[in-house]
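**Student:** In my numbering, the protein residues as written are 412 to 634. Backbone N, C-alpha and C define an ideal beta-carbon position, used for all residues, glycine too.
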């Protein structure tokens, strides 16, 4: 088929499959269905080779002027070692300085310092894990960049590279310990499923005494 025939064939297909409909849409801007608090991104100093977020990048990402993106939310990791708690402080300060009062900072742990060889954590270590997370929220608060929220764990269903959580483990930790994560005025995010496997959350969702210990239902954007 030569180019002219190919073009005619394409135009014919487009003409045959294109239809225009006229309709009226009524929008009531006072009728609120869902609140979107903002948009953001993540920094992970270790993954970025120690670069983190520069002041210039923070202005580009969180500024609202011409040529700036206007984000207001930043996600940072909770490291397994308290010696690394300082790694994202400067990035958070840069972002907060630009975003101002609308700034939302939240954190997610990839693994627990008390995880076993199979990346699962024994229930006997749950209190120690809560104390570790609360130590991080207190540290960030003392640095002038308090967390809005903190997650129980990143991608509990992506097992091997970091922490693994079964549905029973998520339920038991949430019901028995997650409320303590609010100690420093921080909201609690559920584990953040990689594939949004609702079955990981069902036991919590069906138990009001467990569900009350979550403020935010988290999931990863890949799914």
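#1: So, for residue 449: in the same chain, excluding its five sequence neighbours on each side, which residues have a beta-carbon less than 8 angstroms away from its beta-carbon?
#2: Assuming residue 604 and residue 568 are in contact, meaning their beta carbons sit under 8 angstroms apart, how far apart are those beta carbons, in whole angstroms?
#3: Along the chain, where does the beta strand (DSSP E) containing residue 598 start, and where does it finish?
#4: To the nearest angstrom, how far is the alpha carbon of residue 617 from that of residue 610?
#5: Is it the case that the Cβ atoms of residue 588 and residue 550 are separated by a distance below 8 angstroms?
#6: Taking the C-alpha atoms as reference points, what is the distance between residue 463 and residue 434?
#7: Could you give the distance in angstroms between the alpha-carbon of residue 429 and the alpha-carbon of residue 437?
#8: Do you know whose CA, among 521, 557, 480, lies nearest residue 472's CA?
#9: Please name the residue, chosen from 444, 620, 572, 544, that lies closest to residue 519 on a Cα-to-Cα basis.
#10: Starting from residue 546 and walking both ways along the alpha helix (DSSP H), at which residues does that stretch end?
#11: In terms of alpha-carbon separation, which member of 487, 598, 607, 525 lies closest to residue 623?
#12: Taking the CB atoms as reference points, tell me whether residue 574 and residue 627 lie closer together than 8 angstroms.
#13: Express the C-alpha separation of residue 445 and residue 601 in angstroms, rounding to a whole number.
#14: Would residue 509 and residue 470 be called neighbours here (beta carbons separated by less than 8 angstroms)?
#15: State the start and end residues of the unbroken alpha helix (DSSP H) segment that holds residue 509.
#16: Give the secondary structure of residue 476 by DSSP, where H, G and I count as helix, E and B as strand, and everything else as coil.
#17: Going by DSSP, what residue range makes up the alpha helix (DSSP H) through residue 615?
**Tutor:** Reading it off the structure:
#1: 482, 483, 484, 513, 515
#2: 5 angstroms
#3: 598–600
#4: When rounded, the distance between both Cα atoms is 11 angstroms.
#5: no
#6: One C-alpha to the other measures close to 49 angstroms.
#7: Bear in mind that a pLDDT of 49 at residue 429, under 50, signals an unreliable position, so the number given afterwards is only what the model happens to contain. Spanning the two alpha carbons is a distance of roughly 25 angstroms.
#8: 480
#9: 544
#10: 537–553
#11: Comparing Cα positions, the closest option is 598.
#12: With contacts defined as CB atoms closer than 8 angstroms, residue 574 and residue 627 fail to qualify as a contacting pair.
#13: 20 angstroms
#14: yes
#15: 500–510
#16: coil
#17: 613–616
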